[in-house]
Structure formats: structure tokens, C-alpha cells
Amino acid sequence: MRAPWPCSTCGAVGVKNMGTRGYCAAHLVDLYRRRIDPEIWMSAGGGIGLPELARPDVGEGFAELRCSACGATWVGAAFVRCSWCEDTIARMVVWQAESVLTPPDVDPDDSQISGVMRLR
Ligand SMILES: [Zn+2]
Ligand SMILES: [Zn+2]
Numbered sequence: 000m001r002a003p004w005p006c007s008t009c010g011a012v013g014v015k016n017m018g019t020r021g022y023c024a025a026h027l028v029d030l031y032r033r034r035i036d037p038e039i040w041m042s043a044g045g046g047i048g049l050p051e052l053a054r055p056d057v058g059e060g061f062a063e064l065r066c067s068a069c070g071a072t073w074v075g076a077a078f079v080r081c082s083w084c085e086d087t088i089a090r091m092v093v094w095q096a097e098s099v100l101t102p103p104d105v106d107p108d109d110s111q112i113s114g115v116m117r118l119r
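Residue numbering for the sequence shown follows numbering that gives the first Met the number 0, starting at 0 and increasing by one per position.
Here it is in C-alpha cells:
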């Protein structure tokens with residue numbers, strides 16, 4: 000991967016290139032916060048932690064984070080995937096799988112169905 004360009008907005012040290020522009024951490028957060036709505040995050044596998052306040056006392060690169068999709072807050076490494084979103088998505092997947100595997104309302108006493116069962 001190419002090294003990030005300096006921020007196209009403010010000229011600060013860049014952390015990521017997107018399209019034809021470079022972004023510093025602050026402007027990347029700004030972009031993520033304003034341009035991408037929660038539904039897009041959820042369809043992309045969940046929100047990410049956007050740093051609100053650096054917490055070097057906790058660890059290198061750590062910050063108080065707010066999820067870009069669900070708004071959960073925690074302290075951790077910036078831009079990591081939000082575990083609350085991952086849980087939500089995992090539950091949705093299970094729920095969808097269950098709804099697919101559960102047959103539609105069928106009355107077991109229905110004569111046609113019992114007839115089919117008897118044929119086996
Ligand atoms: Zn910038
Ligand atoms: Zn989240």
C-alpha cells in the first residue's frame with residue numbers, strides 16, 4: 000500500500016488516502032462522521048470506533064471512541080470494528096438463519112401433510 004499523503008484539507012500528516020485525497024486523523028474522523036450513514040456501516044460489517052479524545056495513558060494509539068454506526072462508546076485503538084455492532088450483526092444473521100430454517104406455519108394435523116408422511 001502506498002504511504003498516506005499529507006492531509007488534502009489541512010496539510011497535516013496523513014493516515015489514509017481515499018480517492019484522490021489524503022486525510023489526517025482528524026479529517027478522516029470528520030469524513031467518517033459526516034459522510035457515511037449508520038446503515039452503510041451496518042451493511043459493511045458494523046461501525047468503527049472514531050476517536051474523540053486521545054488516551055495515551057491507556058496505551059499507544061488508544062482513544063475514547065464512539066461507534067460510527069450505533070453510538071456506543073469505549074476506550075480502545077482508533078478505527079477498530081465496534082464489538083456491539085458485530086454482536087448485533089451476528090444476532091441478525093442467526094435470526095435470519097432461523098427464520099429461513101423454520102417452516103412456515105403448518106398444521107401437522109392437515110390431512111394432505113399426514114398423507115404425504117404416510118407415503119414415506
Ligand atoms: Zn486534516
Ligand atoms: Zn457500533
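For every residue, glycine included, the Cβ atom is placed at its ideal position computed from N, Cα and C. It should be emphasised that the depicted structure is a prediction, and the values quoted were computed from it without experimental measurement.
Less than 8 Å between the C-beta atoms of residue i and residue j, yes or no?
i: residue 64; j: residue 48; result: yes
i: residue 80; j: residue 44; result: yes
i: residue 139; j: residue 21; result: With the chain covering 0 to 119 only, the question about residue 139 has no answer from this structure.
i: residue 77; j: residue 37; result: no
i: residue 50; j: residue 11; result: no
i: residue 94; j: residue 66; result: no
State the Cα-Cα distance for the pair residue i and residue j, rounded to the nearest angstrom.
i: residue 74; j: residue 61; result: 7 Å
i: residue 72; j: residue 98; result: 31 Å
i: residue 32; j: residue 70; result: 11 Å
i: residue 8; j: residue 88; result: 34 Å
i: residue 53; j: residue 103; result: 52 Å
i: residue 92; j: residue 15; result: 31 Å
i: residue 55; j: residue 29; result: 21 Å
i: residue 59; j: residue 41; result: 28 Å
i: residue 46; j: residue 35; result: 10 Å
Based on DSSP bridge pairs, tell me the residues matched to residue i.
i: residue 66; result: 48
i: residue 73; result: 64
i: residue 91; result: BP columns for residue 91 are empty, so no partner.
i: residue 17; result: 20
Distance cut 6 Å, beta-carbon to ligand 1 heavy atom: residue list by chain order: Around ligand 1, the residues selected by a Cβ distance under 6 Å to any of its heavy atoms are 6, 8, 9, 11, 23, 25, 26, following chain order.
Exercise answer, beta-carbon shell around ligand 2 heavy atoms below 5 Å: Listed along the chain, these residues meet the criterion: 46, 66, 68, 69, 71, 81, 83, 84.
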